[in-house]
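Trainee: Quick one: the structure is below, questions incoming.
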Amino acid sequence: MKYKRRFSTWTAVVLVVVSGLSVGGWALVTHGVDDQNRALLENDESQVVLLLQSALQNVQTQLRTVAYFTVSAHNSPQVFTQQVQALATQAGQSVALIDKSGPAPRVLLSTGGDLRQDQPLPSAVADVAMHAAPALASSLLHVGNRALLALSTTTPVYPDIAAVETSVINPGRAMPNRRGPYSHIYINLYATPSGRPNDLILTTFGPAPLPPPVAKSVVKFGSIRWLAAAAQRTPLSGTYAQASPWIALGVGLLIAVALALLVETLAQRERHAARLVAERTTELLKAQQTLVRNERLAAVGELAAIVGHELRNPLGAALNDLFILRQSLGDQARGEVDEFLSETERQVNRAARLSEDLTSYMREREPVLTDLDFEELVSEVLDSTPPPPGVAVSVDSSAELEGDPLLMTQVMTNVIANAYQAMTQGGPLRLAAQHEDHAVLITVEDGGGGFGADVADRLFDPFFTTRDDGTGLGLAIVKRLVELHHGTVAIENVDGGGARVSIRIPRGSSDRG
Amino acid sequence: MTDQAKVLVVDDDHGVRLSVARILSNCGYDVAEAEDGQQALDQLAAIEVDAVVLDLKMPRKDGIAVLEELLPEPPPPGVLLVSAYDIDRETRSRLGTKVHKILRKPVPPPTLIEAVSAAVDVARSARSA
Chain A
0 MKYKRRFSTW
10 TAVVLVVVSG
20 LSVGGWALVT
30 HGVDDQNRAL
40 LENDESQVVL
50 LLQSALQNVQ
60 TQLRTVAYFT
70 VSAHNSPQVF
80 TQQVQALATQ
90 AGQSVALIDK
100 SGPAPRVLLS
110 TGGDLRQDQP
120 LPSAVADVAM
130 HAAPALASSL
140 LHVGNRALLA
150 LSTTTPVYPD
160 IAAVETSVIN
170 PGRAMPNRRG
180 PYSHIYINLY
190 ATPSGRPNDL
200 ILTTFGPAPL
210 PPPVAKSVVK
220 FGSIRWLAAA
230 AQRTPLSGTY
240 AQASPWIALG
250 VGLLIAVALA
260 LLVETLAQRE
270 RHAARLVAER
280 TTELLKAQQT
290 LVRNERLAAV
300 GELAAIVGHE
310 LRNPLGAALN
320 DLFILRQSLG
330 DQARGEVDEF
340 LSETERQVNR
350 AARLSEDLTS
360 YMREREPVLT
370 DLDFEELVSE
380 VLDSTPPPPG
390 VAVSVDSSAE
400 LEGDPLLMTQ
410 VMTNVIANAY
420 QAMTQGGPLR
430 LAAQHEDHAV
440 LITVEDGGGG
450 FGADVADRLF
460 DPFFTTRDDG
470 TGLGLAIVKR
480 LVELHHGTVA
490 IENVDGGGAR
500 VSIRIPRGSS
510 DRG
Chain B
0 MTDQAKVLVV
10 DDDHGVRLSV
20 ARILSNCGYD
30 VAEAEDGQQA
40 LDQLAAIEVD
50 AVVLDLKMPR
60 KDGIAVLEEL
70 LPEPPPPGVL
80 LVSAYDIDRE
90 TRSRLGTKVH
100 KILRKPVPPP
110 TLIEAVSAAV
120 DVARSARSA
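In structure tokens:
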């Protein structure tokens, strides 16, 4: 069976819908994870800001402490050194107390390499010192090829003394923070709230822009307005949370494929079932039609046989009575009386033939098979049923068939009589028989007008006739008798008009040498 | 004919029996009638007949039963078995020579007359032998 495999619409719909839901789920979970990461980052960043503010508070307190105690001790270098030790703990840091009461800043005491008593202050540092105020201030300075971060303050007690701390910074290089509480984020710190690259104070990432998402907020202390920016080094919500959208997508797509396969399987089963139902229904309808037809034919046949039998006695009696009547009338049977008598005899004889046909139709005996010479069989039939004028019969055969002599004689008589009746204009009637494997094929081809396509199915039905004077039993009897021989019979129109009856009688049903 | 031949017509159908009897009596036969097989056997026991026109299918004894009870002595009449039905080969061979001829209903009167005449001849020649 030719079977075209095609996916059902439902399969495509399920695949698309469930895949779409999976992608939607992926987007939703991704969004959620991103939100969570951002919240965690903002939280960390705000802690960093708090820490920075706390550190700046420390620096301010210590710078003021250095200034207060040192000035109170009349600028004692010992006191200065003691106080600064708590402050300057890293290389590159310098601390100085600067008197800004004069027109130019004067370094009172200093430590570290960048703010020295014996050298003039770099102009940028001098500027910072001159503008120092109680509120802690910061400046990003470039001295020579070095970058310095300067922090300055004054004490309320000695407002003319500026305490300045400078630290060498290297903003182009990432500070390592592989360990510690904030090692999972990158931090950039800018000296201005705008966060321009030039204002970078320190970075744990490097000179390139931070990878998004970036959390930013301004660090406020004194007059300091720094910008702290943070980005995640690793997903803050953890690797599982990070993988969850992809897991959701993968599982969703697997479900989509599985559902699509399920739907496709069900759809194919349904198609298969529907096809089977259609086939079976057609078969059942055909079988039922055949059954109904056979039952009808059987009922008709039975009725025909009963009627045929029952008519025999009255018809016989009528024939006898007519005979007696004619005898009694003797010479008186003349003119009209003779005509009516003859017509009555003709009609009764016709009824007798019909009765004979009806009986033949239901003749219920097994055929007694003998070898029959087709030519002999046909010549007997032609003797008893001679062709009407104008019909030229030709016989082409030397075949021997296996059949019941009486029944096959009746078969050939009926077929030949049927052909005669079709050949109202005369013409050739060709009879032939030839051996086919395990059968003999008899063909009777008349030169009549053939038959209409609309009656083809009914030509072998009992009582079906296209002629006014036909009983409609001739071919029905042929079919029955041929079937008693386990043979088949068919009728078809031939090219150039006329009909051909083909009778196939099997051979070899009995073994005779 | 020298002395009148006697024919028994056996048929349960009144119309057939009457018309056959009339045709045969018109032909000069002495005709007796029977309505069924048993009557036929009774008549055959009582009178000597030359031919019997015997219907096959009848109530009480049918034609076959009558033939089976017919004794070979004295030489039996010529029997014409008349039937509306086919008689199978087996029955035919069992009846053998008890039947002179089998005729199919309806029998055309000329055929009947000819057959009865032949049956009478056969029976008479058997008796004189």
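Residue numbers (numbering that gives the first Met the number 0), protein chains in the order written: chain A, 0 to 512; chain B, 0 to 128.
Using N, Cα and C, we set each Cβ at its ideal position, and we do this for glycine too.
1. Would you be able to state if there are at least three C-beta pairs under 8 Å between the segment 34–52 of chain B and the segment 61–80 of chain B?
2. Do VAL439 (chain A) and ALA398 (chain A) have their C-beta atoms within less than 8 Å of each other?
3. Going by other Cβ atoms of all chains shown within 10 Å of its Cβ, with 16 needed for buried, is ASN413 (chain A) buried or exposed?
4. Using Cβ-Cβ distances below 7 Å, what residues of the segment 294–316 of chain A are close to chain B?
5. Using C-beta distances below 6 Å, list every residue in its chain close to ASP395 (chain A), excluding the 5 sequence neighbours before and after it, in chain order.
6. Quick one: what's got a C-beta closer than 7 Å to VAL306 (chain A)'s C-beta in the same chain, skipping five residues either side?
7. Would you tell me roughly how many angstroms separate the C-alpha atoms of GLN56 (chain A) and ILE223 (chain A), rounded to the nearest one?
8. Taking just the CA atoms, how far does CYS26 (chain B) sit from GLN326 (chain A)?
9. Identify the continuous alpha helix (DSSP H) that holds ILE160 (chain A) and give its terminal residues.
10. Are the beta-carbon atoms of ALA162 (chain A) and LEU62 (chain A) separated by less than 8 Å?
11. Between which two residues does the alpha helix (DSSP H) holding ALA20 (chain B) run?
12. In the DSSP assignment, find the beta strand (DSSP E) that holds ASN492 (chain A) and state where it starts and stops.
13. Assign GLU399 (chain A) to one of three DSSP states: helix, strand, or coil.
14. Thinking LEU7 (chain B) and VAL65 (chain B) are a contact (beta carbons under 8 Å), I'd like their distance in whole angstroms, please.
15. Go to TYR419 (chain A), then tell me how far its alpha helix (DSSP H) extends in each direction, as first and last residue.
16. Apart from the five residues just before and just after GLY143 (chain A), which ones in its own chain have a Cβ nearer than 7 Å to its Cβ?
17. Can you list the residues of chain B that ILE323 (chain A) reaches, using a CB-CB cut of under 9 Å?
18. Starting from GLY14 (chain B), find everything on chain A with Cβ-Cβ shorter than 9 Å and list it in chain order.
19. Taking C-beta pairs closer than 7 Å, name the residues in chain A that PRO105 (chain B) reaches, listed in chain order.
20. Would you call the CB atoms of THR154 (chain A) and TYR239 (chain A) closer than 8 Å?
21. Per DSSP, which one or two residues make a beta bridge with TRP9 (chain A)?
22. Which class does SER509 (chain A) belong to by DSSP, given the choice of helix, strand or coil?
23. Mark LEU284 (chain A) as exposed unless 16 or more other C-beta atoms lie within 10 angstroms of its C-beta, in which case mark it buried.
24. In three-state DSSP terms, what is ASN187 (chain A)?
25. What residues from chain B crowd round GLN346 (chain A), counting only those whose CB sits closer than 9 Å?
26. Does any C-beta atom of chain A lie closer than 8 Å to the C-beta of ALA117 (chain B)?
27. Leaving out the 5 sequence neighbours to the left and right, which residues in its chain are closer than 6 Å to GLY24 (chain A) when beta-carbon positions are compared?
28. So what does PRO427 (chain A) bridge to, in DSSP terms?
29. Output needed for TRP9 (chain A): all residues of its chain with C-beta closer than 7 Å, excluding positions within five of it in sequence on either side, in chain order.
30. VAL98 (chain B) by DSSP, collapsed to three states: which one?
31. Excluding the 5 residues preceding and the 5 following SER24 (chain B) in the sequence, name in chain order all residues of the same chain whose CB lies nearer than 8 Å to its CB.
32. Flag this pair as yes or no: are the beta carbons of VAL167 (chain A) and SER151 (chain A) separated by less than 8 Å?
33. Go to LYS5 (chain B), then tell me how far its beta strand (DSSP E) extends in each direction, as first and last residue.
34. Along the segment 279–294 of chain A, what residues have a CB closer than 7 Å to any CB found in chain B?
35. Give the secondary structure of ARG126 (chain B) by DSSP, where H, G and I count as helix, E and B as strand, and everything else as coil.
36. In terms of DSSP beta bridges, what is PHE220 (chain A) paired with?
Mentor: Let's see:
1. yes
2. Numbered from its first residue, the first sequence carries residue 439 (chain A) at position 440. Numbered from its first residue, the first sequence carries residue 398 (chain A) at position 399. For VAL439 (chain A) and ALA398 (chain A), yes; Cβs fall inside 8 Å.
3. Counting from 1 along the first sequence, the entry for residue 413 (chain A) is found at position 414. Looking at its Cβ environment, which holds 16 or more other Cβ atoms inside 10 Å, ASN413 (chain A) is buried.
4. HIS308, ARG311, ASN312, PRO313, LEU314, GLY315, ALA316
5. Start at 1 with the first residue of the first sequence, and residue 395 (chain A) comes out as number 396. Contacts found: ALA431.
6. On the first sequence, position 307 is the one that residue 306 (chain A) refers to. Closer than 7 Å at Cβ, skipping near neighbours: LEU357.
7. For the purposes of this step, residue 56 (chain A) is taken as the residue at position 57 of the first sequence. For the purposes of this step, residue 223 (chain A) is taken as the residue at position 224 of the first sequence. Going from the Cα of GLN56 (chain A) to the Cα of ILE223 (chain A) covers about 11 Å.
8. For the purposes of this step, residue 326 (chain A) is taken as the residue at position 327 of the first sequence. For the purposes of this step, residue 26 (chain B) is taken as the residue at position 27 of the second sequence. Distance between the alpha carbons of GLN326 (chain A) and CYS26 (chain B) is about 10 Å.
9. Taking the first sequence and counting its residues from 1, one reaches residue 160 (chain A) at position 161. Segment 160–168 is the beta strand (DSSP E) holding ILE160 (chain A); no alpha helix (DSSP H) there.
10. Working through the first sequence from its first residue, we reach residue 162 (chain A) at position 163. Working through the first sequence from its first residue, we reach residue 62 (chain A) at position 63. Yes, the pair counts as a contact, with Cβ atoms nearer than the cut-off.
11. The sequence position of residue 20 (chain B) within the second sequence is 21, counting from 1. It spans 13–25 - the alpha helix (DSSP H) in which ALA20 (chain B) sits, taken as one unbroken run.
12. Taking the first residue of the first sequence as position 1, residue 492 (chain A) is located at position 493. Looking at the DSSP string, the run of the beta strand (DSSP E) that includes ASN492 (chain A) is 487–492.
13. Along the first sequence, read from residue 1 onward, the residue named residue 399 (chain A) stands at position 400. If DSSP states are grouped into helix, strand and coil, GLU399 (chain A) belongs with the strands.
14. Taking the first residue of the second sequence as 1, we reach residue 7 (chain B) at position 8. Taking the first residue of the second sequence as 1, we reach residue 65 (chain B) at position 66. Actually they do not touch by this definition, with Cβ atoms about 10 Å apart.
15. Reading the first sequence from its first residue, position 420 is the one you call residue 419 (chain A). Counting along the chain, the alpha helix (DSSP H) containing TYR419 (chain A) begins and ends at 404–421.
16. Here residue 143 (chain A) corresponds to residue number 144 of the first sequence, with the count starting at 1. The answer is none, since no qualifying residue turns up.
17. In the first sequence, residue 323 (chain A) corresponds to position 324, counting from 1. Residues of chain B passing the Cβ test: SER18, ARG21, ILE22, ASN25, PRO108.
18. If you number the second sequence from 1, residue 14 (chain B) lands on position 15. Chain A residues near GLY14 (chain B): ASN312, PRO313, GLY315, ALA316, ALA317, ASN319, ASP320.
19. As a position in the second sequence, residue 105 (chain B) is number 106, starting the count at 1. Going along chain A in sequence order, the residues near PRO105 (chain B) (Cβ under 7 Å) are ARG311, LEU314, GLY315, LEU318, ALA351.
20. For this step, residue 154 (chain A) is matched to residue 155 along the first sequence. For this step, residue 239 (chain A) is matched to residue 240 along the first sequence. Taking 8 Å as the Cβ cut-off, THR154 (chain A) and TYR239 (chain A) do not qualify as a contacting pair.
21. The residue given as residue 9 (chain A) occupies position 10 in the first sequence. Per DSSP, none; premise fails for TRP9 (chain A).
22. The residue labelled residue 509 (chain A) in the question sits at position 510 within the first sequence. Any reading at SER509 (chain A) is ruled out, since the residue's pLDDT is 46, under 50, leaving its predicted position unreliable.
23. Stepping through the first sequence from its first residue, residue 284 (chain A) is reached at position 285. Answer is exposed; the Cβ neighbour count stays below 16.
24. Mapped onto the first sequence, residue 187 (chain A) falls at position 188. Strand.
25. Along the first sequence, read from residue 1 onward, the residue named residue 346 (chain A) stands at position 347. Under the 9 Å cutoff, chain B gives no residues; its nearest Cβ is about 14 Å from GLN346 (chain A).
26. Position 118 of the second sequence holds residue 117 (chain B). Taking Cβ atoms only, chain A never reaches closer than 8 Å to ALA117 (chain B), which makes this a no.
27. By 1-based counting over the first sequence, the position of residue 24 (chain A) is 25. So the qualifying residues of the chain are ALA247, GLY251.
28. Working through the first sequence from its first residue, we reach residue 427 (chain A) at position 428. Its beta-bridge partners are A:ALA391.
29. Position 10 of the first sequence, counted from the first residue, corresponds to residue 9 (chain A). Hits under 7 Å: VAL262, ALA266.
30. In the second sequence, the residue the question calls residue 98 (chain B) occupies position 99. VAL98 (chain B) falls in the coil class under three-state DSSP.
31. As a first step, residue 24 (chain B) is located in the second sequence; it is residue number 25 there, counting from the start. Counting only Cβ-Cβ distances below 8 Å, and skipping sequence neighbours, we find VAL30.
32. Indexing the first sequence from 1 puts residue 167 (chain A) at position 168. Indexing the first sequence from 1 puts residue 151 (chain A) at position 152. Cβ distance not < 8 Å, so VAL167 (chain A) and SER151 (chain A) don't count as in contact.
33. Here residue 5 (chain B) refers to the residue found at position 6 when the second sequence is read from its first residue. Residues 5–9.
34. none
35. Here the question's residue 126 (chain B) lines up with position 127 in the second sequence. DSSP places ARG126 (chain B) in helix when its eight states are reduced to three.
36. Position 221 of the first sequence holds residue 220 (chain A). Answer is A:ILE223.
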